[in-house]
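Numbered by our numbering, the letters in the sequence shown go through residues -15 to 51 in order. Quick reminder that beta carbons are idealized off the backbone N, C-alpha and C, glycines included. Remember, it's a predicted structure, so these values are computed and weren't measured experimentally. The structure under discussion appears below in the form of structure tokens.
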Amino acid sequence: MTRLRVEVLRDRCAGYANCVDTAPDVFDLDEHDIAVVGAEDYPQDQRGVLERAVRRCPPKAIVVTDS
Ligand code: SF4
């Protein structure tokens, strides 16, 4: 089964941290308050929480694709 690739578009991220609130096992903020992703990819059972994080990111900085 394919896995889910998660990317943060750093030039869009505005540090709202909604993603960290929504999926603390996936996202964190770096020292510049830009979101970073903890792993290269994630299993399909994380799709729901990842899609919620996408919806909750105001500048649409999170991209989730099948890898
Ligand atoms: S919710 Fe979006 S803008 Fe906010 S920290 Fe996460 S990726 Fe960045």
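Check whether the Cβ atoms of residue i and residue j sit closer than 7 Å, and answer yes or no.
| i | j | result |
| --- | --- | --- |
| V(-8) | V21 | yes |
| A45 | C(-3) | yes |
| T49 | R(-11) | yes |
Throw me the rounded Cβ distance for the residue i and residue j pair, which I believe falls under 8 Å.
| i | j | result |
| --- | --- | --- |
| P43 | R(-13) | Going by Cβ atoms, the distance from P43 to R(-13) rounds to 25 Å, so no, they are not a contact pair. |
| L13 | G32 | That pair is no contact at about 22 Å. |
Is residue i close to ligand 1? I mean its beta-carbon at under 6 Å from any heavy atom of the ligand.
| i | result |
| --- | --- |
| Y0 | yes |
| V47 | no |
| A23 | no |
| P43 | yes |
| A19 | yes |
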